[in-house]
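Student:
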Amino acid sequence: MGQAFQYVDSGNVQAGLVAKSSVFNGYNRFADPKYLNYITLRADWYPEIEQQLVILKRTAEVQLAQTFVTFMLSTDTQKRLRELGYKTKINE
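Residue 27 is where the sequence shown starts when you use our numbering, and the numbers rise one by one after that.
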(Lines of atoms letter the chains of each structure in order from A and count residues from 1; the text may use other names and numbers.)
(Lines give C-alpha, C1' and ligand atoms only; values in the text may rest on other atoms or scores of the structure.)
Protein backbone atom coordinates (compact mmCIF):
# COMPACT_ATOMS: atom_id res chain seq x y z
CA MET A 1 0.00 0.00 0.00
CA GLY A 2 1.05 3.56 -0.62
CA GLN A 3 2.12 5.87 2.14
CA ALA A 4 -0.80 8.27 1.54
CA PHE A 5 -3.25 5.41 1.95
CA GLN A 6 -1.57 4.34 5.19
CA TYR A 7 -2.07 7.83 6.63
CA VAL A 8 -5.75 7.89 5.65
CA ASP A 9 -6.36 4.29 6.72
CA SER A 10 -4.81 4.84 10.14
CA GLY A 11 -6.86 7.98 10.76
CA ASN A 12 -3.76 10.18 11.01
CA VAL A 13 -5.25 12.39 8.28
CA GLN A 14 -8.91 13.03 7.45
CA ALA A 15 -8.60 12.64 3.69
CA GLY A 16 -6.08 11.85 1.00
CA LEU A 17 -5.62 11.22 -2.69
CA VAL A 18 -5.13 7.45 -2.99
CA ALA A 19 -5.56 4.71 -5.57
CA LYS A 20 -9.08 3.34 -5.80
CA SER A 21 -7.57 -0.14 -5.81
CA SER A 22 -6.23 0.50 -2.29
CA VAL A 23 -9.71 1.38 -1.07
CA PHE A 24 -11.23 -1.67 -2.80
CA ASN A 25 -8.53 -3.92 -1.39
CA GLY A 26 -9.08 -2.57 2.13
CA TYR A 27 -12.80 -3.24 1.90
CA ASN A 28 -12.30 -6.71 0.42
CA ARG A 29 -9.89 -7.63 3.22
CA PHE A 30 -11.71 -6.16 6.21
CA ALA A 31 -15.34 -5.47 5.12
CA ASP A 32 -15.11 -2.23 7.11
CA PRO A 33 -17.65 0.35 5.89
CA LYS A 34 -15.05 3.12 6.27
CA TYR A 35 -13.67 1.93 2.92
CA LEU A 36 -16.98 2.82 1.26
CA ASN A 37 -16.55 6.50 2.14
CA TYR A 38 -14.67 7.77 -0.91
CA ILE A 39 -15.13 10.07 -3.88
CA THR A 40 -13.90 9.11 -7.34
CA LEU A 41 -12.25 11.94 -9.24
CA ARG A 42 -13.65 12.53 -12.71
CA ALA A 43 -11.40 11.12 -15.41
CA ASP A 44 -11.36 14.44 -17.27
CA TRP A 45 -9.73 16.18 -14.27
CA TYR A 46 -6.33 14.60 -14.88
CA PRO A 47 -4.35 13.02 -17.72
CA GLU A 48 -4.66 9.26 -18.05
CA ILE A 49 -1.78 7.31 -16.55
CA GLU A 50 -0.83 4.66 -19.06
CA GLN A 51 1.37 1.80 -17.94
CA GLN A 52 3.16 -0.70 -20.14
CA LEU A 53 4.50 -4.20 -19.68
CA VAL A 54 7.78 -5.16 -21.34
CA ILE A 55 10.51 -7.76 -21.09
CA LEU A 56 13.96 -6.22 -21.43
CA LYS A 57 16.46 -7.87 -23.79
CA ARG A 58 18.96 -8.26 -20.94
CA THR A 59 16.46 -10.11 -18.71
CA ALA A 60 18.23 -13.11 -17.18
CA GLU A 61 15.07 -15.10 -16.38
CA VAL A 62 13.26 -14.84 -19.72
CA GLN A 63 10.97 -17.82 -19.07
CA LEU A 64 9.97 -16.47 -15.66
CA ALA A 65 9.34 -13.03 -17.18
CA GLN A 66 7.21 -14.58 -19.94
CA THR A 67 5.22 -16.51 -17.33
CA PHE A 68 4.55 -13.22 -15.53
CA VAL A 69 3.46 -11.53 -18.78
CA THR A 70 1.12 -14.43 -19.53
CA PHE A 71 -0.35 -14.12 -16.04
CA MET A 72 -0.81 -10.34 -16.32
CA LEU A 73 -2.51 -10.61 -19.71
CA SER A 74 -4.77 -13.51 -18.75
CA THR A 75 -8.52 -13.00 -18.79
CA ASP A 76 -8.80 -13.62 -15.05
CA THR A 77 -6.09 -11.10 -14.16
CA GLN A 78 -7.49 -8.46 -16.51
CA LYS A 79 -10.93 -8.98 -14.98
CA ARG A 80 -9.50 -8.61 -11.47
CA LEU A 81 -7.67 -5.41 -12.45
CA ARG A 82 -10.95 -3.94 -13.72
CA GLU A 83 -12.65 -4.98 -10.45
CA LEU A 84 -9.96 -3.05 -8.60
CA GLY A 85 -10.77 0.08 -10.58
CA TYR A 86 -8.14 -0.09 -13.28
CA LYS A 87 -8.92 0.41 -16.96
CA THR A 88 -7.50 -2.28 -19.24
CA LYS A 89 -7.08 -2.27 -22.99
CA ILE A 90 -7.34 -6.01 -23.50
CA ASN A 91 -10.07 -8.52 -22.72
CA GLU A 92 -12.67 -5.76 -22.37
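Built from N, CA and C at the ideal position, the CB exists for glycine as well.
Out of K115, V95 and V34, which has the shortest C-alpha to C-alpha gap to E75?
Tutor: Position check: residue 75 holds Ile in this sequence, whereas Glu was assumed. The shortest Cα separation from I75 among K115, V95 and V34 belongs to K115.
Student: Give the straight-line distance between the Cα atoms of S100 and L107, rounded to the nearest whole angstrom.
Tutor: 11 Å
Student: Taking all protein chains shown into account, decide if S36 is buried (16 or more other Cβ within 10 angstroms of its Cβ) or exposed.
Tutor: The residue in question, S36, is exposed, as its Cβ has fewer than 16 Cβ neighbours within 10 Å.
Student: What number of angstroms, rounded off, separates the C-alpha of Q92 from the C-alpha of T85?
Tutor: 10 Å
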